[in-house]
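The structure appears below as structure tokens.
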Amino acid sequence: MAQQTQMTRVVEYFQRWVERFPDLRALALAREDDVLHAWEGLGYYSRARNMLKAARAMAENGGFPDTYEQVLALPGVGPYTAGAIMSVAYNQPYVAVDANVERVLARVYDLDKPVKQAATHGFIEDRALALIPEGQARCFNQALMELGALVCTPKKPDCTSCPVASLCRAHSLGVERERPVPGKKQAVVKVTVATGALIHQGKVYIQKRRPDDVWPGLWEFPGGGIEEGETPEQAVIREYVEETGLDVLPIHKCGVVQYSYTKFRVTLHCFYLQYADEVRTPATYEAVDGRFVTVNELDDFAFPAGHRKFIQLLREDSVFQRLIGS
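If you're matching positions, the sequence shown starts at 1 in this note's numbering and goes up one per residue.
Here you go:
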């Protein structure tokens with residue numbers, strides 16, 4: 001959970017997670033929909049799917065592996081996670097190089113190349129491994145990560161309190177704030193999207209995303225990108241035809257929400273819709289499932305962040321309450 005997510009946010013989710021899935025067996029037996037729902041809000045949903053796959057593999061093989069190679073073979077586990085598990089759980093001499101460790105060692109050795117470059121990262125891993133005291137991998141790795149998190153911080157390193165300040169080359173040169181050298185930033189891509197909640201008999205239509213799509217397995221309101229020359233209203237009408245085969249009519253614009261994922265900054269135009277002509281069952285041309293649900297039932301499904309914001313908007317909207325007959 002802590003990968004790509006701030007620890008303060010993780011704690012609340014972790015507590016709920018262990019209540020819902022208290023042990024390996026409970027997670028291994030869970031439905032993917034339930035796992036994604038428990039994960040909702042953390043983002044990077046591949047982590048949740050990989051945890052489920054790993055739990056099922058371990059349940060089948062009789063428990064958690066105890067070698068680096070076996071841990072690394074688990075779905076979603078890379079060198080950092082495998083190293084952290086082997087050093088913290090088994091006290092074996094493996095490195096766990098996260099951003100905190102990269103920052104500490106980039107300053108200690110005054111590395112003037114971006115830490116994400118293969119050669120620089122390899123040097124950091126080699127030095128971290130060489131520094132592990134015999135039989136102290138667990139304490140050393142955790143201490144190094146804590147040093148980076150609490151003392152050798154990104155913007156204001158507390159060098160006066162640092163236990164390795166006398167060994168730090170960057171500090172001795174007065175360039176600690178210039179280390180680590182940042183890599184090239186990924187360009188931000190702005191995307192404008194339209195979506196709509198089709199209202200029928202007091203319920204709204206949702207659909208489940210395909211396994212090969214972005215956010216596979218999550219639920220959503222149909223919609224998609226606004227093409228050149230289109231208005232948001234025209235886009236949502238077209239998307240409904242393409243995704244469900246339905247002709248719909250926008251009856252109210254609920255609002256606009258903003259959200260981000262990876263390199264994308266998304267502006268989402270949200271509408272309430274009704275059938276434009278005859279009432280028909282929606283097709284699932286671009287989904288694996290679809291259904292009409294009540295507003296309260298929306299809490300039973302996992303949605304991407306933008307669509308969850310849409311749900312919050314419609315719940316607070318008196319126009320929506322009138323349209324569903326509440």
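Where a beta carbon is used, it is the ideal one built from N, C-alpha and C, also for glycine. No experiment lies behind these values; they were computed from the predicted model shown.
Exercise for the section: Look at the alpha carbon of K190 and the alpha carbon of G223, and state the distance between them as a whole number of angstroms. Expected result: Start at 1 with the first residue of the sequence shown, and residue 190 comes out as number 190. Start at 1 with the first residue of the sequence shown, and residue 223 comes out as number 223. Near 17 Å, if we compare the C-alpha coordinates of G223 and K190.
Handout entry: Coil, strand or helix - G83 by DSSP
Key = Working through the sequence shown from its first residue, we reach residue 83 at position 83. Helix at G83.
Handout entry: For A219: DSSP bridge partner residues
Key = As a working mapping, residue 219 is identified with position 219 in the sequence shown. The sequence given here places Trp at residue 219; Ala does not occur at that position. BP columns for W219 point to K208.
Handout entry: Coil, strand or helix - T8 by DSSP
Key = In the sequence shown, counting from the first residue as 1, residue 8 sits at position 8. Looking at T8 - three-state DSSP - the assignment turns out to be helix.
Practice task
Determine the DSSP secondary structure at T267, reduced to helix, strand or coil.
Solution key: Counting from 1 along the sequence shown, the entry for residue 267 is found at position 267. Of the three classes helix, strand and coil, the one that applies to T267 here is strand, per DSSP.
Problem - Helix, strand or coil at D317 according to DSSP, with G and I counted as helix - result: Reading the sequence shown from its first residue, position 317 is the one you call residue 317. Annotated three-state conformation of D317 is coil, per DSSP.
Handout entry: Cβ-Cβ distance between V175 and C162 below 8 Å
Key = Reading the sequence shown from its first residue, position 175 is the one you call residue 175. Reading the sequence shown from its first residue, position 162 is the one you call residue 162. No.
Problem - Whole-number beta carbon distance between F221 and G196, since they are thought to touch under 8 Å - result: On the sequence shown, position 196 is the one that residue 196 refers to. On the sequence shown, position 221 is the one that residue 221 refers to. Between F221 and G196 the Cβ distance is about 6 Å, and since that is below 8 Å, they are a contact.
Exercise for the section: Measure the CB-CB distance between R169 and Y90 and report whether it falls below 8 Å. Expected result: Taking the first residue of the sequence shown as position 1, residue 169 is located at position 169. Taking the first residue of the sequence shown as position 1, residue 90 is located at position 90. Annotated as distal: R169 and Y90, with beta-carbon spacing of 8 Å or more.
Handout entry: Limits of the alpha helix (DSSP H) - the one that D112 falls within
Key = Counting from one through the sequence shown, the residue named residue 112 turns up at place 112. Per DSSP, D112 belongs to no alpha helix (DSSP H) and is neither H nor E.
Handout entry: the stretch 241-256 contacting the stretch 213-220, beta-carbon criterion three pairs below 8 Å
Key = The stretch 241-256 and the stretch 213-220 do not touch, with fewer than 3 CB-CB distances between them shorter than 8 Å.
Practice task
Taking 8 Å as the cut-off, decide whether the C-beta atoms of M58 and D98 are in contact.
Solution key: Indexing the sequence shown from 1 puts residue 58 at position 58. Indexing the sequence shown from 1 puts residue 98 at position 98. Their beta carbons are not under 8 Å apart, which means M58 does not touch D98 by this criterion.
Handout entry: Own chain partners of K309 with C-beta closer than 8 Å, once the 5 adjacent residues on each side are dropped
Key = Locating residue 309 in the sequence shown gives position 309, where the first residue counts as 1. Once the five neighbours on either side are set aside, the close Cβ partners of K309 are V257, Y259 and L268.
Problem - Simplified DSSP state of D289, which is helix, strand or coil - result: Translated into positions along the sequence shown, residue 289 becomes position 289. Of the three classes helix, strand and coil, the one that applies to D289 here is strand, per DSSP.
Problem - Contact the stretch 194-210 vs the stretch 300-316: 3+ CB pairs below 8 Å - result: A contact exists between the stretch 194-210 and the stretch 300-316.
Exercise for the section: Reducing DSSP to helix, strand and coil, say where I199 ends up. Expected result: Taking the first residue of the sequence shown as 1, we reach residue 199 at position 199. Collapsing the DSSP output to three states places I199 in a strand.
Practice task
Look at the Cβ atom of Y45, then the Cβ atom of L218, and state whether they are nearer than 8 Å.
Solution key: Locating residue 45 in the sequence shown gives position 45, where the first residue counts as 1. Locating residue 218 in the sequence shown gives position 218, where the first residue counts as 1. In contact: Y45 and L218 (Cβ atoms closer than 8 Å).
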